[in-house]
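Numbers 1 to 151, taken from the UniProt record's numbering, label the letters of the sequence shown in order. All C-beta atoms in this analysis are idealised placements derived from N, C-alpha and C, irrespective of residue type, glycine included. For reference, the structure discussed in these notes is given below.
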Amino acid sequence: MAAIENQKNKTMSMVQKQINKNAERVAMTAHPSSGTVSNNIIKFDYVTFSVGITNLATYKSTAKFSCDQEGLYMISASVTSQTSSAYYYIYLNGNDISCTYIGYHIGNYHRTGAVTATRKLNPNDQVWLYAYGSCYLNGGVFSSLTIVKIK
1 MAAIENQKNK
11 TMSMVQKQIN
21 KNAERVAMTA
31 HPSSGTVSNN
41 IIKFDYVTFS
51 VGITNLATYK
61 STAKFSCDQE
71 GLYMISASVT
81 SQTSSAYYYI
91 YLNGNDISCT
101 YIGYHIGNYH
111 RTGAVTATRK
121 LNPNDQVWLY
131 AYGSCYLNGG
141 VFSSLTIVKI
151 K
C-alpha cells in the first residue's frame, strides 16, 4: 500500500512540475534608436515590456537575448528603414535563421520588413538581429523586436 501511495506522490509531483514549467512566462518587446547600422548587431535597447527576463541589463548592453528557460519561442521583428534594398538577419547562436529584405525604393521613402520565426530555445541560447550592409533604421515604435515563450 505504501508503494502505491509513494508512486502516486511521485506522479503528482511530476505533473505539478510540468504545470509550473508551462506557466512560466517570458516575453520582451524592444525598440531601437534611429541611426545607421553597418554590418553590425541591431541594438533594440529601449525595452518597453518585459516579464520573466532575468538578464535585461546584459541584453540592453549586448543586444543579444539570452534564453534562461527552455521552451518554444516566437521571435518577431519589424524593421523600418530609409535605406533602399536593406537586409537584416535573425541569428541564433551565430547561425542565421532568417533573412528579411526591406525593399527597393528611390528617394527618401520608408519601407518595413517584418518576419516571425519560431524556435525551440535551450538555456544560454542567444538570439539577435544583424544588419547586412549599411542601413538607416527608423527607431522608436517604427521598428520593434518581440520575443515570447509560447510553451
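8 Å Cβ shell around residue i - same chain, five flanking residues per side excluded
| i | result |
| --- | --- |
| F44 | A30, H31, P32, A63, L129, S143, S144, L145 |
| T54 | D68 |
| N108 | Q82 |
Close-in-space but distant-in-sequence residues of the same chain around residue i (CB under 6 Å, 5 per side omitted)
| i | result |
| --- | --- |
| G52 | R25, V26 |
| Q69 | E24, V26 |
| S76 | T116, T146 |
| G140 | H31 |
| I41 | A63, W128, Y130 |
| T48 | T29 |
| D96 | Y89 |
When the options are compared against residue i, the one with the closest alpha-carbon
| i | options | result |
| --- | --- | --- |
| K60 | G71, N122, Y46, T54 | Y46 |
| T118 | F49, G71, I42, K10 | G71 |
| L56 | M28, T100, N122, T80 | M28 |
Residue(s) in a DSSP beta bridge with residue i
| i | result |
| --- | --- |
| Y88 | T100, A131 |
| H31 | Y46 |
| I150 | Paired residue(s): none; I150 is not in a bridge. |
| K120 | L72 |
| T112 | T80 |
Buried or exposed by the 16-neighbour rule on C-beta atoms within 10 Å, applied to residue i
| i | result |
| --- | --- |
| F65 | buried |
| S134 | exposed |
| I150 | exposed |
| I102 | buried |
| A86 | buried |
| T100 | buried |
| T36 | exposed |
| T80 | buried |
Residue-chain proximity (residue i, chain B), Cβ-Cβ < 8 Å
| i | result |
| --- | --- |
| N95 | The displayed structure is made up of one protein chain only, and chain B is not part of it. |
Inter-residue CB distance, residue i and residue j (contact presumed, cutoff 8 Å)
| i | j | result |
| --- | --- | --- |
| S98 | Y89 | 7 Å |
| V127 | M74 | Between M74 and V127 the Cβ distance is about 11 Å, and since that is not below 8 Å, they are no contact. |
| N138 | H105 | Actually they are not in contact, since the Cβ atoms of N138 and H105 sit about 13 Å apart, beyond 8 Å. |
| N6 | Y132 | Not a contact, Cβ separation roughly 58 Å. |
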